[in-house]
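Per the working numbering, the very first residue in the sequence shown carries number 3; after that it's consecutive. Contents: one structure, followed by commentary.
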Amino acid sequence: MLRFIIPTYLTSLFNTLYTIVDGIFVSAYVGTNALAAINIVYPIVNVLYGIALIFATGGSAVAALLIGARREQEANRAFSVSLFCSLLLGCGVALLVGWNLNAVLDGLGATPATMADCQVYAIWWLMGAPLVVGKEVFTYFIRVDGAPTYSFLTALAGGICNIVLDYLLVARLDMGIQGAAAATILGLLLSFCMGIFYFAARKKIFCLTVEGLTPSLAGRCMVNGLSECVNQLAIAITTVVFNRTAMAFAGEDGIAAVSIIMYLQFLVIGIYFGFSMGIAPPLGYAYGDGQRDVCRILESYARRFLSVAPFVLYGMTYFLAPLGVSFFAQPQSSVYTLAVSGMRWYGLGFLFSGVSIFSAIRFMAYGKGHLSGVITFLRSFALLLLFLTLLPGVWDLNGVWLAAPFAEGITLLVTLAMTYLDTKREEP
């Protein structure tokens, strides 16, 4: 388990560096308006990641089930159809967004002060769409292929490349937001190339094929990965709502504070996500092989982790919020004050989100992507939008930060009920 979980968490951590490091360098060397521009553009990035993850998570989980059932040839087809479909769809969406870029950015909340930076940052991401999609698919399937450490190394190499290039292009060469975007895409390029190398020279099971690829297999992978796609699309939509609501209360400083909180919450959510995605392949292998007793043992480890981690993580969030925010904003600035206060309120959601994230990924590992999608839809979209609409009218800007904890708390109750009912159905 540790062999899968530790590299997977580290992979998740370094994946967040692609944008967090951009934010740190941009806020330090360009300004908070440029930081706000990155946040405004990020829903476009979420859409690209959503396309990648619907096939990366769903397809790799299907492949793990097939490997556990000793149907390696079908698992290989799941890999191929996931890669081909994700690249085709990702590039198509990138072209469509690029064709209507100004209108899209205006809809996302770009202002005259941020529009130019938004255009530059968005164009780089759209040009890098094949790298975004391919890199994610490679990362997940390399892990299922039995090489989680190599999967981590691809993220590590890309993350380090991004940091070094951010320093060179933004801090030293003063290229601004364009340098930050270029650093990110070049980091993704390195990870993508390492993925190609793995499947060309080191693979154990998976290799590209065009034989036996069917729409039904593509549909099965998509449905099973629906929750992660829903999560990314929900983040895209709710980020716009967060930005517009914060803008109404605190102007561009409010958007910058939202940006900082979104960056920092990735580090915490990444722990839950990394643990859950790390345990998913062993769960899938065991479930596909009919070893329900092994599944129960693995689930008991998860329960122990989730009984302790939420309290530790919220405690760290509360006390380390000033330190984390200081990487993005000067302590004497209004953005700093808004972000520290907001992070402490927003972080209450970490007390509830771990169980929901694990349960969604557990359902996906068992091939029950529709149940996973319900959990993700509630916590990331429906309930979050509901409370973003209701709570600011009661508690002003604090209501914006409290929307996530309220959504996570109710989702936890629904998740526990769904898990109980599903477990009862599976009992002999």
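C-beta atoms are modelled at their ideal positions from N, C-alpha and C, and glycine is treated no differently.
{"Asked": "Please return the same chain residues whose Cβ sits closer than 6 Å to the Cβ of Ser14, not counting the five positions on each side in sequence.", "Found": "Gly272, Phe275 and Gly276"}
{"Asked": "Can you confirm whether the region 119-133 touches the region 156-174 when touching is taken to mean that 3 or more C-beta pairs between the two stretches lie within less than 8 Å?", "Found": "no"}
{"Asked": "Check this for me: beta carbons of Asp168 and Ala185, under 7 Å apart or not?", "Found": "yes"}
{"Asked": "Report the start-end ranges of each alpha helix (DSSP H) in the region 294-378 that is 4 residues or longer and not cut off at the edges.", "Found": "294-328, 336-348 and 352-367"}
{"Asked": "For Leu385 versus Ala419, is the C-beta distance shorter than 7 Å?", "Found": "no"}
{"Asked": "Do Thr151 and Pro283 come within 7 Å of each other at the CB atom, strictly closer than that value?", "Found": "no"}
{"Asked": "For the region 150-193, list the alpha helix (DSSP H) runs that are entirely contained and at least 4 residues long, ordered along the chain.", "Found": "150-168"}
{"Asked": "Exposed or buried, what is Phe313 when buried is set at 16 or more other beta-carbons lying within 10 Å of its beta-carbon?", "Found": "exposed"}
{"Asked": "Please classify Glu213: does DSSP put it in a helix, a strand, or coil?", "Found": "coil"}
{"Asked": "Whose C-beta lies closer than 7 Å to the C-beta of Leu67 among residues of the same chain, with five residues either side of it excluded?", "Found": "Gly286, Tyr289, Gly290 and Gly369"}
{"Asked": "Is Met3 helix, strand or coil by DSSP?", "Found": "coil"}
{"Asked": "Tell me which residue opens and which closes the alpha helix (DSSP H) that Ile262 is part of.", "Found": "Leu228 to Gly290"}
{"Asked": "Does DSSP classify Thr113 as helix, strand or coil?", "Found": "coil"}
{"Asked": "Taking the alpha helix (DSSP H) that Lys137 falls in, what are its first and last residues?", "Found": "Ala131 to Val146"}
{"Asked": "Below 8 Å, can you find three or more Cβ-Cβ pairs linking the region 194-206 to the region 345-352?", "Found": "no"}
{"Asked": "Among the candidates Phe81, Ala80 and Ala54, whose CA atom is the shortest distance from the CA of Gly94?", "Found": "Ala54"}
{"Asked": "In the DSSP assignment, the alpha helix (DSSP H) including Gly70 goes from what residue to what residue?", "Found": "Thr34 to Gly70"}
{"Asked": "Skipping 5 residues on each side, what residues in its chain have a beta carbon closer than 7 Å to that of Asn78?", "Found": "Ile207, Phe208, Cys209 and Thr211"}
{"Asked": "What is the DSSP secondary structure of Phe208, counted as helix, strand or coil?", "Found": "coil"}
{"Asked": "So, at 6 Å on beta carbons, what are the nonlocal neighbours of Leu107 in its own chain, with the 5 sequence-adjacent residues on each side left out?", "Found": "Cys120"}
{"Asked": "For the candidate residues Glu138, Ser355 and Thr391, whose alpha-carbon lies nearest to that of Thr59?", "Found": "Glu138"}
{"Asked": "Quick check on the burial criterion: 16 or more other C-beta atoms within 10 angstroms. Buried or exposed for Gln267?", "Found": "buried"}
{"Asked": "Below 8 Å, how does it come out for the region 330-339 and the region 252-260: are there three or more Cβ pairs, yes or no?", "Found": "yes"}
{"Asked": "Would you kindly report the start and end of the unbroken alpha helix (DSSP H) that includes Phe383?", "Found": "Looking at the DSSP string, Phe383 is not in any alpha helix (DSSP H), and its letter there is neither H nor E."}
{"Asked": "Among Ala118, Asp147 and Gly197, which one has its Cα closest to the Cα of Ile2?", "Found": "Given a span of 3 to 430 for the chain in the structure shown, any question on residue 2 remains unanswerable."}
{"Asked": "Judging by CA-CA distance, which residue of Ser261, Arg364, Asp176 and Ser229 is the nearest neighbour of Val342?", "Found": "Ser261"}
{"Asked": "Among residues of its own chain, excluding the 5 on either side of Ser361, which ones have a beta-carbon nearer than 7 Å to its beta-carbon?", "Found": "Ile377, Thr417 and Thr421"}
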